[in-house]
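Numbering of the sequence shown is given in the numbering used here, commencing with residue 429 and proceeding in unit increments.
Take a look at the structure below.
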Amino acid sequence: MSLKEEERKVLVNMELEKSERLLSELDSYRQLGYWSTLANRVYYTLFHAVSALLINDAIEVGSHKGAAIRFQQYFIKTGVFSREEGRFYAQMQTLREQADYNCAYEIGEEEIVPKIAPTKELIEKIKQYIESKQ
């Protein structure tokens, strides 16, 4: 899909706004003790920020797995983001899949709550990168 520059900017902003909306929900799920839902929302805050990053740099993706692969390929391997940040994104994707699809897996507070701060930090770095490119 080929986007005009203005269309690209609109989509990037929409993805970042979605990420911010989901971030604002995290405290509610935490207070309710909805740990699986919290894991899902934490991952999706990152997914939308990474999607914004990829769209910003005109990198096409059609799936969650594709987003993870392209993030690794274009931003981790090139040193734009650290290997730890790449591992963290992959870890959050796996954690979300376990929480959503594995009925035998029960995520707990101690597993997901410590992931919130690094998620926010990575999203901020992504936003700073995007701002530097616009």
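Note that CB positions come from ideal geometry on N, CA and C, so glycine has one too.
Quick caveat, the model's predicted, so the values are computed rather than measured.
Closest residue to Y529 among N468, V478 and P546 (Cα-Cα distance): Checking every option, the nearest Cα to that of Y529 belongs to N468.
CB-CB length for S447 against A486, believed under 8 Å: The C-beta separation of S447 from A486 comes to about 19 Å, leaving the pair out of contact by the 8 Å criterion.
Which runs of the alpha helix (DSSP H) spanning at least 4 residues fall entirely within the region 460-502, listed in chain order? Listed in chain order, the complete alpha helix (DSSP H) runs (minimum 4 residues) inside the region 460-502 are 463-484 and 492-499.
What whole-angstrom Cβ distance do L550 and I535 have, given they're in contact under 8 Å? Contact flag wrong, Cβ pair sits at about 20 Å.
Cβ shell of L481 (< 6 Å), same chain only, five flanking positions each side left out: Residues I554 of the same chain have their beta carbon placed closer than 6 Å to that of L481, with the five preceding and five following residues left out of the count.
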